[in-house]
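Below is one structure, written out as structure tokens; comments come after it.
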Amino acid sequence: MALKNFTELSSYIKESIQEKNVVFDTNVLVDLFYPGNINNRTSNEITKLQDIYQDCLENNKNIVIIVPIISEFYNLAVNVALKNYKKSNNINSFLNKKMYRNTQSFKNANMGIISIIDNFSTQFNIKNFNFDYLKIEDKNKKLENLDFTDLIISDFCEKENACLVTLDKDFKNVFLNDLKFSIISL
Numbered sequence: 007m008a009l010k011n012f013t014e015l016s017s018y019i020k021e022s023i024q025e026k027n028v029v030f031d032t033n034v035l036v037d038l039f040y041p042g043n044i045n046n047r048t049s050n051e052i053t054k055l056q057d058i059y060q061d062c063l064e065n066n067k068n069i070v071i072i073v074p075i076i077s078e079f080y081n082l083a084v085n086v087a088l089k090n091y092k093k094s095n096n097i098n099s100f101l102n103k104k105m106y107r108n109t110q111s112f113k114n115a116n117m118g119i120i121s122i123i124d125n126f127s128t129q130f131n132i133k134n135f136n137f138d139y140l141k142i143e144d145k146n147k148k149l150e151n152l153d154f155t156d157l158i159i160s161d162f163c164e165k166e167n168a169c170l171v172t173l174d175k176d177f178k179n180v181f182l183n184d185l186k187f188s189i190i191s192l
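Per the numbering used here, the very first residue in the sequence shown carries number 7; after that it's consecutive.
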């Protein structure tokens, strides 16, 4: 089995991903495909992510997306659209997603979000993954630092020998001392 590596994003060099499968976490998909730099990344971080993406394409890496990542992306994008709608319309009162869905703004944002997901979904391999919660080792310890979707992603990366590209420091905090899969992160 290949040696697992942790690579700081700033130290990433071309062709250093040894795994055939690469998973881009939600935050990376947002930074690469969602307009407006909503995560407030530096230009160096964005450039590094673009370099990794281009490197994966040039080296025929299998970029894999699992459904929980798409779900996170969609929900995050809708939350951003709602926040922007409230800000641009000076709405300080309670307006939830369900109410927002009845606006034309939502319909427009929804079409745009779906278009973005369609775009990256045609470029990447969407994999079905049979996540078996009952077989997760150290789930109590992992869930002290990871959210549940991150638990699913980490299990997938370990089982599929995939390199995870993420900007979520929780993965580093949980796995750095016992790498079960390669990680590129902050």
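Ideal placement from N, C-alpha and C gives every residue a C-beta, glycine not left out.
Predicted model, so just to flag it, every value in this text is computed and none were measured.
Sequence-distant residues of its chain with Cβ nearer than 6 Å to residue i (five each side left out)
| i | result |
| --- | --- |
| Ile69 | Val28, Cys62 and Phe130 |
Beta-carbon contacts of residue i that lie in its chain and below 7 Å, excluding the five residues immediately before and after
| i | result |
| --- | --- |
| Ile122 | Phe39 and Tyr40 |
| Lys175 | Ser191 and Leu192 |
| Asn179 | Asn151 |
Of the residues the options, the one placed nearest residue i, counting alpha carbons only
| i | options | result |
| --- | --- | --- |
| Phe137 | Ile159, Asn146 and Asn95 | Ile159 |
| Asn66 | Lys54, Gln24 and Asn167 | Gln24 |
| Lys103 | Leu82, Ser49 and Asp144 | Leu82 |
| Asn125 | Leu55, Glu14 and Ile71 | Ile71 |
| Glu166 | Lys133, Leu152 and Phe177 | Lys133 |
| Thr128 | Leu88, Thr155, Asn146 and Ile76 | Ile76 |
Sequence-distant residues of the same chain with beta carbon closer than 8 Å to residue i, five excluded per side
| i | result |
| --- | --- |
| Ile142 | Lys148, Leu157 and Asp161 |
| Thr109 | Tyr91 |
Residue i in three-state terms, based on DSSP
| i | result |
| --- | --- |
| Glu164 | helix |
| Lys141 | helix |
| Ile72 | strand |
| Thr109 | coil |
| Ser77 | helix |
Cβ-Cβ distance between residue i and residue j below 8 Å
| i | j | result |
| --- | --- | --- |
| Val86 | Leu173 | no |
| Leu170 | Lys10 | no |
| Asn46 | Ser16 | no |
| Phe187 | Ala168 | yes |
| Phe112 | Tyr106 | yes |
| Ile119 | Tyr91 | no |
Residue i, enclosing alpha helix (DSSP H) - first and last residue
| i | result |
| --- | --- |
| Glu14 | That residue, Glu14, is in no alpha helix (DSSP H); its beta strand (DSSP E) goes Phe12 to Glu14. |
| Asn33 | Thr32 to Phe39 |
First through last residue of the beta strand (DSSP E) which encompasses residue i
| i | result |
| --- | --- |
| Ser191 | Ile189 to Ser191 |
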